[in-house]
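Sequence positions in the sequence shown follow my numbering and run 18 to 256.
From the three backbone atoms N, C-alpha and C, an ideal C-beta is built for every residue, glycine too.
A short worksheet on the structure shown next.
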Amino acid sequence: MSILDAAEQLFHQRGVSRCSLQDIAAAAGVTRGAIYWHFQDKAELFHAMMERATMPLEEGMAPPESGEEQEAMPLSLVELRWGLVNAFYTTMHNARTRRVFEIAMQKVEFSGEMQALQERKLANHREWRDLNQAVFDHAIQGGQLPASLDTRKAAVTLVALVDGLLYQWIMDPCSFDLVDVGQAAVENFLKALSLQGPALLPPMGAEEIARLGQEGICQRRGGGKRIIGRRFPKNEGKA
């Protein structure tokens, strides 16, 4: 078994903090010194394990090269959609990708020797947001999206949408079809960006803004059910 395979299996079984390099060396059938020959510490080993599984996804989202002396062209909206749906598909159907996402989302604490990975994670998210923004800026230039679009907000929102779907599916894989729901969510989001009609909701008024932070999200009123954002009497909705 390779060192990366051993690390992946042990991290998934025990969690990252409960695995030492000695544990990984024993599982891989090598000495601890052999691990240090390839990796400086557990954080670097963890990063290599993640990169091995996610590199194909990142390559699918990489802008196409336009020439040796020219900057890479931004992805088109079609290419962006394919890259995101491919990430959903691979997460569902590739056991390694699913495992490392489970490790990264559920079984690692970014503290102590793993603290440096937090900066790498943040850097990856910043790059992802920048890539999305470049796609939206390019789509505006091509007349596919309205010039009034705030591309930075749109880029941040798309990251949150995709990240949230991946997290929810990893937490409960039987709850929904990640590819089906993910593709619909991405397409509906991109479609919404292209709309230039009247807003569905009016801007928040001064009274609404003043109430922010003054109430809990989930509270009971008049013996009603605990509902996020709305309170119902106990018998409402019952036949």
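For residue i, three-class secondary structure by DSSP
i    : result
R35  : coil
A216 : coil
A171 : helix
E96  : helix
F153 : helix
L27  : helix
M221 : coil
V102 : helix
Q123 : helix
F56  : coil
V203 : helix
Cβ-based neighbour list, residue i, same chain, cut-off 6 Å, excluding 5 preceding and 5 following
i    : result
R98  : V203
V117 : M67, A70
L62  : A24, F56
H29  : R116, I120
L175 : N149
A60  : E130, M131, A133, L134
T168 : Q150, F153, D154
Contacts around residue i, its chain only, beta-carbon distance under 8 Å, and the 5 residues preceding and following it disregarded
i    : result
S258 : Beyond the ends of the chain as shown, which are 18 and 256, falls residue 258; an answer cannot be given.
S165 : Q213
T48  : A42
Span separating the alpha-carbon of residue i from that of residue j
i    : j    : result
M109 : M188 : 12 Å
I41  : P219 : 56 Å
R113 : H155 : 34 Å
L148 : A177 : 14 Å
I20  : I52  : 7 Å
Q185 : G129 : 27 Å
L217 : D180 : 25 Å
N103 : A223 : 43 Å
Q87  : L207 : Below a pLDDT of 50, predicted positions are generally treated as unreliable, and Q87, at 48, falls in that range; the measurement from the model is reported next regardless. Their Cα atoms are separated by approximately 28 Å.
G159 : S192 : 38 Å
M221 : W54  : 58 Å
Exposure of residue i, with buried meaning 16 or more beta-carbon neighbours within 10 Å
i    : result
N141 : exposed
G50  : exposed
L139 : exposed
A230 : Note on identity: in this sequence residue 230 is Gly, with Ala being the wrong assignment. With fewer than 16 other Cβ atoms within 10 Å, it is exposed.
Same chain only: Cβ atoms within 7 Å of residue i, ignoring 5 sequence neighbours per side
i    : result
W145 : V176
H64  : L134, R137
C36  : L27, F28
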